[in-house]
Amino acid sequence: MTTAFAVPPQLRISALKDNTNRALIDTDTQTDEGNQSITVTMRTNEAEGALMDTCDPITNYRITIAYPDNSTLSHTTGSPTETIPLNRSCVQCIVVAQAQTEHGYGPNSEPHPTTFGSITLNAVRTDNVITVDWNLPHTNVSKYEILALSSDSNDPPLINISPSDDVASMFANADPCKTYNVSLHHYGQDGTKRKITADKVLASQPGAPIAPRAISAIESNEKIRVTWEDDYPCPGNVYIVLIKGKANETRQSRTEKWAEYASNVVACEPIVFRVRSTNHIGKTAFVDSAAHWPSADLSKPKNLQVQTDGNRLHVKWDKEDSCDRVQYAVTVTAVVSKEQIYSDTWKTNDQTIEPINLEPCTQYQLSVKPTVQSDSKRTVDIDATSVLFKGE
Numbered sequence: 001m002t003t004a005f006a007v008p009p010q011l012r013i014s015a016l017k018d019n020t021n022r023a024l025i026d027t028d029t030q031t032d033e034g035n036q037s038i039t040v041t042m043r044t045n046e047a048e049g050a051l052m053d054t055c056d057p058i059t060n061y062r063i064t065i066a067y068p069d070n071s072t073l074s075h076t077t078g079s080p081t082e083t084i085p086l087n088r089s090c091v092q093c094i095v096v097a098q099a100q101t102e103h104g105y106g107p108n109s110e111p112h113p114t115t116f117g118s119i120t121l122n123a124v125r126t127d128n129v130i131t132v133d134w135n136l137p138h139t140n141v142s143k144y145e146i147l148a149l150s151s152d153s154n155d156p157p158l159i160n161i162s163p164s165d166d167v168a169s170m171f172a173n174a175d176p177c178k179t180y181n182v183s184l185h186h187y188g189q190d191g192t193k194r195k196i197t198a199d200k201v202l203a204s205q206p207g208a209p210i211a212p213r214a215i216s217a218i219e220s221n222e223k224i225r226v227t228w229e230d231d232y233p234c235p236g237n238v239y240i241v242l243i244k245g246k247a248n249e250t251r252q253s254r255t256e257k258w259a260e261y262a263s264n265v266v267a268c269e270p271i272v273f274r275v276r277s278t279n280h281i282g283k284t285a286f287v288d289s290a291a292h293w294p295s296a297d298l299s300k301p302k303n304l305q306v307q308t309d310g311n312r313l314h315v316k317w318d319k320e321d322s323c324d325r326v327q328y329a330v331t332v333t334a335v336v337s338k339e340q341i342y343s344d345t346w347k348t349n350d351q352t353i354e355p356i357n358l359e360p361c362t363q364y365q366l367s368v369k370p371t372v373q374s375d376s377k378r379t380v381d382i383d384a385t386s387v388l389f390k391g392e
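When we follow the UniProt record's numbering, the leftmost residue of the sequence shown carries the number 1, and every step to the right adds one.
As structure tokens, then:
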């Protein structure tokens, strides 16, 4: 026995306008900027649909789009999902559909409002705060859901629920070091959740790294250990340490905040340590240290000796380094009056000052301060070495 339907069943429909990235679901309306076409999906309920497919299959669908001015656009298709070109903008239209079988057309589906217009989803962030607002011309929305997903798949989603698009939504607990994708969903009056916008991607903050600071270079056991600090809050920084000398550039890549070099890494040349920081999103910043003289202790005068003879003053010291870039600022100053009676630059470590006006029984200080200057005009001052003596 064959069962036939004199009247095809009523359809339920959904309308989607020019948005192929969204699922076609009953009672949902998607929007875009173009108003060039509308996609309509038609479904029967599950029981009727199964019976009809077996006994009385649908052969065609007739879709009617009613404009606010009472004009209509009709379209017939054999597919349950059909994209219909629009000859004019469809704002606040109504869509109905009918199913056709060999017995004719069934009744109209429930009228489906299609309020088309511009979706605006704005999302901005400052450090750990994300603020979201939107404008969406839907008329059958019970509430909105704002979803923020971080770049770390292990993080739970940030979710806010809003009854209206008139109130901005705020997340105050976002991680400043992570990127977030923010999307907008709504719940229809039937409780069905729909995603209605593409994601807004918010890059991590503060974005640019903070330049390293407090660079120090300390020599010990024939090694130079360079250390630095920075205040950038996000993990994942990579540091490139460059040693800039006369005509070479030596570099190390570090994730720690220190680097170590042999003390003779650049011979007889003041050097500068440049620490360049690259953060987790590829932004860079750098800082240079003060000029450094490897093995500076070797350039300090050792065993400084002074010998007076009337108006002559003989000065000598032991010199341990062999670099000819080292010069010595030699001064003689009266201890009490602070009067400087001699000042000159020497290239040797054994020399006689003659003549020099030394007052008998007056205490003087002789100071020898090494200075190193390179071809690149970097200058390194080394602590002075001093000795006290009395005039004859």
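Don't be surprised by glycine CBs; every beta carbon is placed ideally from N, CA and C.
**Asked** Between T101, L73, S79, S263, which lies nearest to C93 when the distance is taken from Cα to Cα?
**Response** On the sequence shown, position 93 is the one that residue 93 refers to. C93 has its Cα closest to that of L73, out of T101, L73, S79, S263.
**Item:** 8 Å contact criterion, which R254 and Y239 should meet: CB distance rounded
**Value:** The sequence position of residue 254 within the sequence shown is 254, counting from 1. The sequence position of residue 239 within the sequence shown is 239, counting from 1. About 5 Å; that satisfies the 8 Å criterion.
**Message:** Quick check: what's the CA-CA separation for C268 versus S299?
**Reply:** Within the sequence shown, the letter at position 268 stands for residue 268. Within the sequence shown, the letter at position 299 stands for residue 299. Approximately 11 Å, taken between the alpha carbons.
**Asked** Residue ranges of each alpha helix (DSSP H) run of no fewer than 4 residues wholly in the UniProt domain "Fibronectin type-III" (206-284), ordered along the chain?
**Response** If we require 4 residues or more, the UniProt domain "Fibronectin type-III" (206-284) turns out to have no alpha helix (DSSP H) run fully inside it.
**Alpha-carbon spacing of V387 relative to V332, whole angstroms** = Within the sequence shown, the letter at position 387 stands for residue 387. Within the sequence shown, the letter at position 332 stands for residue 332. Those two C-alpha atoms are separated by around 10 Å.
**Prompt:** What is the residue span of the beta strand (DSSP E) that K390 lies within?
**Reply:** Along the sequence shown, one-based indexing puts residue 390 at 390. 385-390 is the extent of the beta strand (DSSP E) around K390.
**Prompt:** Out of Y261, S183, S151, M170, which has the shortest C-alpha to C-alpha gap to C177?
**Reply:** Taking the first residue of the sequence shown as position 1, residue 177 is located at position 177. Ranking Y261, S183, S151, M170 by Cα distance to C177 puts S151 first.
**Request:** Below 8 Å on the Cβ atoms is my guess for A148 versus I161; work out the distance and round it to an integer in Å.
**Result:** Here residue 148 refers to the residue found at position 148 when the sequence shown is read from its first residue. Here residue 161 refers to the residue found at position 161 when the sequence shown is read from its first residue. So it is not a contact: roughly 13 Å between Cβ atoms.
**Message:** Going by C-alpha to C-alpha distance, which of S337, A168, N154, Y342 sits closest to Y144?
**Reply:** Here the question's residue 144 lines up with position 144 in the sequence shown. When each option's Cα is compared against that of Y144, the closest is A168.
**Prompt:** Hey, out of A217, R325, D318, whose CA is closest to V275's CA?
**Reply:** What you label residue 275 is simply residue 275 of the sequence shown in a count that begins at 1. Out of A217, R325, D318, A217 has the C-alpha closest to the C-alpha of V275.
**Given E102 as reference, the closest of R225, N60, C234 once Cα atoms are compared** = Position 102 of the sequence shown, counted from the first residue, corresponds to residue 102. Taking only the C-alpha atoms, the option nearest E102 is N60.
**Asked** Taking the alpha-carbon positions, what's the A259 to C323 distance?
**Response** Here residue 259 corresponds to residue number 259 of the sequence shown, with the count starting at 1. Here residue 323 corresponds to residue number 323 of the sequence shown, with the count starting at 1. When rounded, the distance between both Cα atoms is 25 Å.
**Request:** Take the Cβ of G78 as the centre, count every other Cβ of all protein chains shown within 10 Å, and call the residue buried at 16 or more, exposed below.
**Result:** As a first step, residue 78 is located in the sequence shown; it is residue number 78 there, counting from the start. Here G78 is exposed. Its C-beta has fewer than 16 other C-beta atoms within 10 Å.
**Message:** Looking only at its chain, what residues have a beta carbon closer than 7 Å to the beta carbon of A66, apart from the 5 residues adjacent to it on each side?
**Reply:** As a working note, residue 66 is residue 66 in the sequence shown. Here the set comprises T72, C93, I94.
**Request:** Could you tell me if Q98 is buried or exposed, where buried requires 16 or more neighbouring beta carbons within 10 angstroms of its beta carbon?
**Result:** As a position in the sequence shown, residue 98 is number 98, starting the count at 1. Of the other Cβ atoms in all chains shown, 16 or more fall within 10 Å of the Cβ of Q98; this residue is therefore buried.
**Item:** N-terminal and C-terminal residue of the beta strand (DSSP E) that R125 is part of
**Value:** Counted from its first residue, the sequence shown places residue 125 at position 125. Taken as a continuous stretch (DSSP letters only), the beta strand (DSSP E) holding R125 covers 120-126.
**Request:** Express the C-alpha separation of E320 and H314 in angstroms, rounding to a whole number.
**Result:** Position 314 of the sequence shown holds residue 314. Position 320 of the sequence shown holds residue 320. Just so you know, the alpha carbons of H314 and E320 end up roughly 20 Å apart.
**Message:** Looking at the strands, I want to know which residues DSSP matches up with N350.
**Reply:** Locating residue 350 in the sequence shown gives position 350, where the first residue counts as 1. Sequence inspection shows Asp at residue 350; the Asn mentioned does not correspond to that position. DSSP lists K316 as partners of D350.
**Prompt:** Do the stretch 354-371 and the stretch 279-290 touch if we need at least three Cβ pairs shorter than 8 Å?
**Reply:** Pairwise C-beta distances place the stretch 354-371 out of contact with the stretch 279-290, as fewer than three of them are shorter than 8 Å.
**Item:** According to DSSP, residues forming a beta bridge with H75
**Value:** Position 75 of the sequence shown, counted from the first residue, corresponds to residue 75. According to DSSP, which records beta bridges pairwise, H75 is partnered with I63.
**Asked** Would you call K244 buried or exposed, if buried means 16 or more other Cβ atoms sit within 10 Å of its Cβ?
**Response** Here residue 244 refers to the residue found at position 244 when the sequence shown is read from its first residue. Buried, because 16 or more other Cβ atoms sit within 10 Å of the Cβ of K244.
**Message:** Assuming contact is defined by CB atoms lying nearer than 8 Å, are D175 and N128 in contact in what I supplied?
**Reply:** Translated into positions along the sequence shown, residue 175 becomes position 175. Translated into positions along the sequence shown, residue 128 becomes position 128. Their beta carbons are under 8 Å apart, which means D175 touches N128 by this criterion.
**Inter-residue spacing [alpha-carbon to alpha-carbon] between I341 and I356** = For the purposes of this step, residue 341 is taken as the residue at position 341 of the sequence shown. For the purposes of this step, residue 356 is taken as the residue at position 356 of the sequence shown. When rounded, the distance between both Cα atoms is 8 Å.
**Prompt:** Would you report the Cα separation of A329 and I281, rounded to the nearest angstrom?
**Reply:** On the sequence shown, position 329 is the one that residue 329 refers to. On the sequence shown, position 281 is the one that residue 281 refers to. Roughly 49 Å separates the two Cα atoms.
**Prompt:** So what's S109 in DSSP terms, helix, strand or just coil?
**Reply:** As a first step, residue 109 is located in the sequence shown; it is residue number 109 there, counting from the start. Of the three classes helix, strand and coil, the one that applies to S109 here is coil, per DSSP.
**Asked** Does DSSP put S367 in a helix, a strand or coil?
**Response** Taking the sequence shown and counting its residues from 1, one reaches residue 367 at position 367. In this structure, S367 counts as strand in the three-state DSSP scheme.
**Message:** Relative to the C-alpha of D381, which candidate in A211, R88, R325, P212 has its C-alpha closest?
**Reply:** Within the sequence shown, the letter at position 381 stands for residue 381. For the residues A211, R88, R325, P212, the minimum Cα distance to D381 belongs to R325.
**Between the CA atoms of R43 and P111 - distance to the nearest angstrom** = Walking along the sequence shown from the start, residue 111 turns up at place 111. Walking along the sequence shown from the start, residue 43 turns up at place 43. One C-alpha to the other measures close to 14 Å.
**Request:** Tell me S169's beta-bridge partners as DSSP assigns them.
**Result:** Translated into the one-based positions of the sequence shown, residue 169 becomes position 169. V132.
**Prompt:** With 16 other CB atoms within 10 Å as the buried threshold, where does N154 fall?
**Reply:** For the purposes of this step, residue 154 is taken as residue 154 along the sequence shown, with counting starting at 1. That one is exposed.
**Request:** Specify the secondary structure class of S150 as computed by DSSP and reduced to three states.
**Result:** As a first step, residue 150 is located in the sequence shown; it is residue number 150 there, counting from the start. Here S150 sits in strand by DSSP.
**Prompt:** When we look at the beta-carbon of E46 and count the other beta-carbons within 10 Å, is it buried (16 or more) or exposed?
**Reply:** Here residue 46 refers to the residue found at position 46 of the sequence shown. Residue placement at E46 cannot be trusted, given a pLDDT of 47 that sits under 50; the coordinates are not used to answer.
**Prompt:** Does DSSP classify L298 as helix, strand or coil?
**Reply:** As a working note, residue 298 is residue 298 in the sequence shown. If DSSP states are grouped into helix, strand and coil, L298 belongs with the helices.
**Exposure of V226, with buried meaning 16 or more beta-carbon neighbours within 10 Å** = As a working mapping, residue 226 is identified with position 226 in the sequence shown. Taking every protein chain shown into account, the CB of V226 has 16 or more other CB atoms within 10 angstroms, so this residue is buried.
**Request:** Identify whether D309 lies in helix, strand or coil by the three-state DSSP scheme.
**Result:** In the sequence shown, residue 309 corresponds to position 309, counting from 1. DSSP places D309 in the strand class (E or B) of the three-state scheme.
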